[in-house]
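Q: Residue numbers (full-length UniProt numbering): 1 to 334.
Pasting the structure below:
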C-alpha cells in the first residue's frame, strides 16, 4: 500500500503541519516544565506535607513564573498564525504580490510556504482566465468595429450621397429642411466612426502608442471640454503589442471615468520612463472620490495583471484622483 507524496515535497523529509505544530508545542511545554522542575530541585525551597502556610506564596510565585514563561514562548511561536489570518482577510487577487514572509519560525515554515504557493497558483489561474476573457473581449470589439465601419458606415455614406442628389433636385422650399437632415446624417456618420475608433484603435497599430494617446486626449477634450496637459518623451523603450494595448485601454478607461464622475477642470496625461519601468499617469483635479471600485476599475486591474504591472489609484476628496500604471521593462520585443 503506497502513500501519495505531494509534488515538490521529498518523501519522509517533512511532517504534516499538524504534527509539526504538536511537536513544537510539546517541546516548548516540556522545556518549561523541565526547567521549572530543575529549579525546584536545586533550590533550597522545600515543600512539606501537608503544605505549610508559609510555603504557599513560594509555590504560587513558581507556578506564575512557569505559566508566564510558557505563555510568552507560545505567543512568540504562534505569532505567524495571527499574521497569516490578517493576510487571509485582506488578500485580493487583483492586487498581486501580497505574501507572508517567513521569519524563521521553524515548523510553521511549511504552513507559510504552502499558503504563499496557494496564492501564487490562484493568481496565475486568475491571470490566465482574465487573459482569455480580455482577449475574447478585444476580438469582439474588433468585430463590432469592423461591422460599424464596413456595414453601417458604408450604408450611411450611401444614404448621405443619395440625400445630396435629392437635395440638388428638390424644390427650393424643401432644401433647407433636407440640408438639416443631411447635417444630422453626417453627424451620425461621424459618431459611428468615433465609436469604431474607440473599439478598435487603428492609430495604435499604425502610428504607435504615443500617437494613439495624443489622439485619445484630443478626442476626450473635444467631447468633454476638459483640457488635457500631455507629458511624454519620444525616446521611450520598446514595448510589446500587448503592453501597448493595456496602457492604451487603461488610459482610455481613466479618461472615461474623469468625464463621467470627476467634475474636473483639467487632466494631466503622461507616459514616461522611470528606473526600468514605463509609468502611465492620469491625474485630474476633480472631486477625488472612489467610494467603490466598479467594473471599470476592476477591468483596469485585470489588464494590469496580464502584463505584470502595478496599478495604483489615489483619490483625495476635493483634490482629485491620480491613476498610475507602472509597467516593468522585461521580455520586450526586439
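Glycine residues also receive a C-beta, built at the ideal position from the N, C-alpha and C atoms. Note that this is a predicted model, so its numbers are computed, not measured.
Give me, in chain order, the residues of the same chain whose beta-carbon lies closer than 7 Å to that of residue 200; leave out the 5 immediate sequence neighbours on both sides.
A: The residues are 141, 142, 145.
Q: Report the option in 73, 129, 79, 67 whose CA atom is closest to the CA atom of residue 306.
A: Considering only alpha carbons, the answer is 129.
Q: For residue 265, which of helix, strand or coil comes out of DSSP?
A: Three-state DSSP puts residue 265 in coil, outside helix and strand.
Q: Would you decide whether residue 118 is buried or exposed? Buried here means 16 or more other CB atoms lie within 10 Å of its CB.
A: Under this definition residue 118 is an exposed residue.
Q: Please return the same chain residues whose Cβ sits closer than 7 Å to the Cβ of residue 331, not counting the five positions on each side in sequence.
A: Any reading at residue 331 must be qualified, since the residue scores a pLDDT of 48, below 50, and its modelled position is unreliable; no value is offered.
Q: Is DSSP giving residue 226 helix, strand or coil here?
A: Looking at residue 226 - three-state DSSP - the assignment turns out to be coil, as it is neither helix nor strand.
Q: Excluding the 5 residues preceding and the 5 following residue 269 in the sequence, name in chain order all residues of the same chain whose CB lies nearer than 6 Å to its CB.
A: So the list reads 217, 228, 230, 282, once near-sequence residues are dropped.
Q: Indicate whether the contact test is met: 3 or more Cβ pairs, each with one atom in the stretch 274-288 and one in the stretch 312-325, closer than 8 Å.
A: The stretch 274-288 vs the stretch 312-325: in contact.
Q: Just verifying my parser: in three-state terms, what is the DSSP assignment at residue 181?
A: Of the three classes helix, strand and coil, the one that applies to residue 181 here is helix, per DSSP.
Q: What are the boundary residues of the beta strand (DSSP E) that includes residue 315?
A: Per DSSP, residue 315 belongs to the beta strand (DSSP E) from 310-316.
Q: Distance, Cα to Cα, residue 241 vs residue 151?
A: Cα to Cα, residue 241 sits roughly 28 Å from residue 151.
Q: Report yes if the C-beta distance between residue 115 and residue 84 is below 8 Å; otherwise report no.
A: In contact: residue 115 and residue 84 (Cβ atoms closer than 8 Å).
Q: Answer yes if the stretch 286-293 comes into contact with the stretch 307-315, meaning at least three C-beta pairs across the two stretches below 8 Å, and no otherwise.
A: Yes, since at least three Cβ pairs between the stretch 307-315 and the stretch 286-293 fall closer than 8 Å, the two stretches touch.
Q: Can you check whether the CB of residue 223 is closer than 8 Å to the CB of residue 212?
A: No.
Q: Run the CB neighbour count on residue 300, radius 10 Å, all protein chains shown included, and call it buried at 16 or more, exposed below.
A: Buried, since its Cβ has 16 or more Cβ neighbours within 10 Å.
Q: When DSSP labels each residue in this structure, what does residue 287 get in the three-state scheme?
A: Three-state DSSP puts residue 287 in coil, outside helix and strand.
Q: Going by CA-CA distance only, name the one from 252, 271, 317, 50 that's closest to residue 297.
A: Residue 297 has its Cα closest to that of 252, out of 252, 271, 317, 50.
Q: Kindly indicate the opening and closing residues of the beta strand (DSSP E) around residue 372.
A: Missing from the structure shown is residue 372; the chain here goes from 1 to 334 and no further.
Q: Could you give the residue range of the beta strand (DSSP E) that holds residue 325?
A: Residue 325 -> beta strand (DSSP E) spans 320-328.
Q: With the cut-off set at 8 Å, would you say residue 246 and residue 255 are in Cβ contact?
A: Going by C-beta atoms, residue 246 is not nearer than 8 Å to residue 255.
Q: Based on the DSSP secondary-structure assignment, which residues constitute the bridge partners of residue 274?
A: Its beta-bridge partners are 277.
Q: To which residues of the same chain is residue 342 closer than 8 Å at the C-beta, ignoring the five residues directly before and after it?
A: With the chain covering 1 to 334 only, the question about residue 342 has no answer from this structure.
Q: May I ask you to list the residues that DSSP assigns as paired with residue 282?
A: According to DSSP, which records beta bridges pairwise, residue 282 is partnered with 269, 323.
Q: Buried or exposed: residue 262, going by 16 or more other Cβ atoms within 10 Å of its Cβ?
A: Its Cβ being crowded by 16 or more others within 10 Å, residue 262 is buried.
Q: Once the 5 residues before and after residue 153 are set aside, which same chain residues still bring their CB inside 6 Å of it?
A: The answer, listed in chain order, is 192.
Q: Sorted by chain position, which residues of the same chain lie with C-beta nearer than 8 Å to residue 164's C-beta, five sequence neighbours on each side aside?
A: Result list for residue 164: 182, in chain order.
Q: Under 8 Å, do residue 194 and residue 250 count as touching if we go by C-beta distance?
A: No; because the gap between Cβ atoms is not below 8 Å, this pair is not in contact.
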